[in-house]
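Below: the structure, in structure tokens.
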Amino acid sequence: MTVGIVVEHGLRVPMRDGACLLTDVWRPATDEPLPALLFRTPYGDQVVRAASPERLATEGFAVVAQHCRGRFGSEGEWIYVHSDVEDGFDAVEWAAAQPWCNGRVGMFGASYSGNTQWLAAQARPPHLVAIAPEACAADYWEGMFDSGGAFRLALRLGWTVFVVAAMAAEWGIQDDELANLRELSAESYDAAQSDDPNRLDRIRRRLRAAVEKVLRRRPIRDNPLWHGRATWLDELFEHESRTDSHWLRVNPTTHYGAIDLPALHIGSWYDIHLGATLRHYTGMRRQAPTERARQGQRLLIGPWDHWHPGNSTVGDIAFGTDAAIDLAQVRANWFREQLCDEPAANRPPVRIFVMGSNVWRDEREWPLARTEYTRWYLRSDGRLLPEPPADDHDVDRFTFDPADPVPTLGGRLLGAGGEQPGPLDQRAVGERDDLLDYLSPVLTEDVELTGPVTMDLWAGTDAPDTDFTALLLDVRPDGRWVNLCEGAVRARHSGVTMPLVPGAVYHFTIDLAATSAVLFAGHRVGLRLSSSSFPEWEPNPNTGNPLGVDTGPDVRVAHQAIHRGRLHPSSIVLPVIPAQPR
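If you read the sequence shown in numbering that gives the first Met the number 0, its first letter stands for residue 0, the second for the next number, and so on.
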């Protein structure tokens, strides 16, 4: 028998300080108390609808969607991530106390809605039973900066443009540029749901051009589009240090030992938060306080990007029909196991999509225990070889001009919606003289790379501070150079003594997150080094000044040296998976 759905819009749910947060509920029309699923967002009704609350209600759950404080009718002031610890606790306990709830509550959602789950879990509400975070940050300092300290320009400032534009009317802001950005963002979202790729491409190009025009302005912190409007940015500029107590107060990674919850971790190889998703999984698997919680962690990683989880085509690559999965159903199945005591599927805890071979594969751990970490060295003439160099000193050089940065093509790019993330052909920027390419010999057999990727870089500069970037490539026989994963390091956040000394050689570790891909015989492994990728990361002004204060005339050109001799053997460490016996 089909059960109808009861919908309650505009409920005002009180928090402990008296602020009421706007909340909607979808639930089956039954007198039987049911488990509840809580979804919290700062992004408005459009994102609530995309979370499929009515569908989850038809699966037998009471679905609670709440606008974060200070957002879209909710009272109070929204402070990025800081207000979501206590509010998340209160929202869980409110849902559990309702007559239509049986006292068992789960939380779900992607991106910022994933953040709200970890922050609520950090507060340990007694009725929170399970979570399903997707594509979200871990350490919120790394939500602002890359793990290597490079400032995530597109993510943080592009996202801020999106947030301020969305709230302009409610905040009483009249600004033609914001209005244009809001309109283009809405058109881009609508086009993404349509079957017209040409329309989507046209709108994305216009939106990206409009956003990049904003992002190029200096000084960053005084940009009138957000200065005085986005308090979270003011706080960011005042708390640039990773060890600042501002970030330590809201760092779920320091609370794994107290979070007694099973979790379904969903991520994508081309999502900006891939590294965070993997960190959450491994951290909870090792540190959760009970065996039930440690064994209750599940990891699902697909070939997708942040905007299009569950798709079969990402960037320029069609991964086959098997890549497309119904994530809403995956979540529903998970919560039936955790909240309704249905038997759990007898499957290993890790499920990954291996690109290239384009298959899903179950694994018992992450990283894979059978991984053979293999070091490939930078050598002369742009070669990448497994043999270390013999000469004591060798160096390659390039010049980095922050006013003319290397354009970002795909990858884990995320910003205001106009970007094209994912695997794209990188040849379009390959002729620039501010990057260095290194290629392996042609592979004589298939090589699978699955796991974390890191680079040991020995480098120098004549600037007080600078960035270095690394991009791992699948160089194909058809001529395409397809990106697999990327990373960056900012010197002043790397642990070296500042300011940098001209002529000195420094050791940097670049974290490229991870990948899972088969490079077939006839392909090459490629590595591209530079000092910029705009707008993914802010082009370092090379001055050493605090974040966001440099004007256009302040920025300086840096002359970079990449060392690759025996005494300073720059190399990349690749996670090779041995071929299975035939």
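Even glycine gets a Cβ: it sits at the ideal position worked out from N, Cα and C. The structure displayed is predicted, hence computed values, not measured ones.
For residue i, tell me which candidate among the options has the shortest Cα-Cα distance.
i, options, result
"Ser530", "Ala512, Pro476, Leu456, Val524", "Leu456"
"Asp243", "Glu141, Glu418, Phe38", "Glu141"
"Ala137", "Val162, Val504, Ile130, Gly282", "Gly282"
"Val47", "Ser311, His8, Arg431, Tyr376", "His8"
"Gln65", "Val80, Ile324, Arg39, Leu55", "Arg39"
"Val210", "Ala331, Leu154, Ile172", "Leu154"
"Arg207", "Leu377, Trp158, Ala90, His392", "Trp158"
"Asp424", "Gly478, Ala18, Pro463, Tyr372", "Gly478"
"Val504", "Glu418, Asp510, Ala462", "Ala462"
"Ala18", "Trp77, Arg26, Leu435", "Trp77"
"Asn624", "Ser379, Asp390, Phe60", "Residue 624 falls outside the range modelled here, since the chain spans only 0 to 581, and no answer is possible."
"Pro27", "Asp44, Ala56, Ser51, Leu20", "Ala56"
"Glu371", "Ala578, Met454, Thr496", "Ala578"
For a quick check, are the C-beta atoms of residue i and residue j less than 7 angstroms apart?
i, j, result
"Leu235", "Leu156", "no"
"Ser187", "Arg201", "no"
"Thr289", "Asp259", "yes"
"Val405", "Ser569", "no"
"Leu566", "Leu383", "no"
"Pro401", "Pro540", "yes"
"Phe352", "Gly301", "yes"
"Pro34", "Arg70", "no"
"Thr514", "Leu483", "yes"
"Val104", "Ala95", "yes"
"Pro388", "Gly256", "no"
"Gly543", "Asp464", "yes"
Give me the Cβ distance between residue i and residue j, rounded to the nearest whole Å; I'm assuming they're in contact under 8 angstroms.
i, j, result
"Thr449", "Ile271", "With a Cβ gap of about 20 angstroms, Thr449 and Ile271 do not count as contacting."
"Thr550", "Arg217", "5 angstroms"
"Leu442", "Arg523", "7 angstroms"
"Ile265", "Pro422", "Ile265 to Pro422, Cβ: 19 angstroms. No contact."
"Asp304", "Ser356", "Actually they are not in contact, since the Cβ atoms of Asp304 and Ser356 sit about 20 angstroms apart, beyond 8 angstroms."
"Met14", "Asp86", "5 angstroms"
"Gly314", "Pro420", "7 angstroms"
"Val62", "Leu36", "5 angstroms"
"Pro251", "Gln296", "Actually they are not in contact, since the Cβ atoms of Pro251 and Gln296 sit about 14 angstroms apart, beyond 8 angstroms."
"Val80", "Leu127", "That pair is no contact at about 18 angstroms."
"Ala327", "Arg54", "6 angstroms"
"Arg491", "Gly148", "7 angstroms"
"Leu177", "Val163", "7 angstroms"
"Ala287", "Arg293", "5 angstroms"
"Arg346", "Asp325", "Rounded, the Cβ-Cβ distance is 17 angstroms, inconsistent with contact."
"Phe467", "Val488", "5 angstroms"
Three-state secondary structure (DSSP) at residue i?
i, result
"Asp455", "strand"
"Asn345", "coil"
"Glu290", "helix"
"Gly429", "coil"
"His492", "helix"
"Met0", "Summary for Met0: the model assigns pLDDT 44, below 50, so the residue's position carries little reliability, and this model does not support an answer."
"Val5", "strand"
"Ala167", "coil"
"Asn101", "strand"
"Met583", "In the structure as shown, the chain starts at 0 and stops at 581, and residue 583 therefore has no counterpart that could be examined."
"Ile561", "strand"
"Ser585", "Residue 585 falls outside the range modelled here, since the chain spans only 0 to 581, and no answer is possible."
"Gln45", "helix"
"Ile202", "helix"
"Ser570", "strand"
"Leu338", "helix"
"Pro196", "helix"
"Thr115", "helix"
"Leu37", "strand"
"Ala64", "strand"
Decide if residue i is buried, meaning its Cβ has at least 16 other Cβ atoms within 10 Å, or exposed.
i, result
"Pro98", "exposed"
"Ala427", "exposed"
"Trp170", "exposed"
"Asn591", "Given a span of 0 to 581 for the chain in the structure shown, any question on residue 591 remains unanswerable."
"Glu485", "buried"
"His562", "buried"
"Glu31", "exposed"
"Pro342", "exposed"
"Met0", "Residue confidence for Met0 is low, a pLDDT of 44 falling below 50, so the modelled location carries little weight; the figure read from the coordinates is stated next. Looking at its Cβ environment, which holds fewer than 16 other Cβ atoms inside 10 Å, Met0 is exposed."
"Glu237", "exposed"
"His392", "exposed"
"Leu546", "buried"
"Gln121", "buried"
"Glu430", "exposed"
"Ala520", "exposed"
"Asn114", "buried"
"Arg411", "buried"
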